[in-house]
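Add 224 to the 1-based position in the sequence shown for my numbering, that's all there is to it.
Heads up, the beta-carbon is just placed ideally off N, CA and C, and yes, glycines get one too.
Please read all numbers here as calculations on a predicted model, not as lab measurements.
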Amino acid sequence: MRRLLRWKFVLPTLLLLIVAAIVGVKLYSRSDAAARLVGEKLGTRLGATTQFERLSVGMSSTSLSALRVYEAGSGPESEPILKAGEVDLDVGAVGAARGMDPTEIRFRDARVLLRFDRNGDLLTRLPQAGDGGALPAIRIESGTLTIRQEVMRTPFFRAST
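As structure tokens, then:
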């Protein structure tokens with residue numbers, strides 16, 4: 225009889241704790257604190273300034289909206305080298321808590337800007353992959369690549385001497 229009473233108390237309490245934990249994770253994953261944490265980790269990992277408008281962390285995946293990545297050493301006052309409407313990562317709350325990095329990143333509506341000098345050398349300072357871990361598979365579902373190259377200015381006519 226005591227065992228039955230104990231289970232009638234323990235089981236609902238356990239279920240209540242599980243539901244409270246899930247709701248707490250959901251609320252935290254949509255908070256400004258979680259967004260700041262993800263932004264800092266992403267910036268550190270890339271070695272560049274990053275910004276995004278919205279973060280949604282699920283149990284097995286994470287989504288970012290309006291991501292902007294700036295050149296290494298530049299800030300938000302400069303033009304971003306990458307803008308993406310939506311970014312999906314295959315790491316969610318559980319994986320992040322275990323310290324896992326994404327194995328796949330999917331970009332939608334991506335806009336990449338690369339700048340070259342007159343000789344064709346890349347001027348854009350690209351972000352560096354942080355800790356030397358394996359790079360994730362990157363999938364771009366839709367996007368635009370813009371290449372800007374400095375042009376050599378030659379005079380229209382030369383004065384004869």
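Contact set for T274: own chain, Cβ-Cβ below 8 Å, skip 5 residues either direction: Within the same chain, and ignoring the five residues on either side of T274 in sequence, the residues whose Cβ sits closer than 8 Å to its Cβ are G263, L266, G267, L291, R292, V293 and Y294.
Measuring CA to CA, which of I362, T370 and P351 is closest to G299? P351
Check R342 in the structure and name its three-state DSSP category. Annotated three-state conformation of R342 is coil, per DSSP.
Of all the options E328, K307 and L270, which has the alpha carbon lying nearest to the alpha carbon of S285? E328
Nearest CA to the CA of D314: which residue from E301, A296, M283 and F340? M283
Going by DSSP, name the residue or residues bridged to Q373. Paired residue(s): F340.
Identify, in the order they occur along the chain, each residue of the same chain with its Cβ nearer than 6 Å to the Cβ of P360, setting aside the five sequence neighbours on each side. Once the five neighbours on either side are set aside, the close Cβ partners of P360 are P326, T327, E328 and I329.
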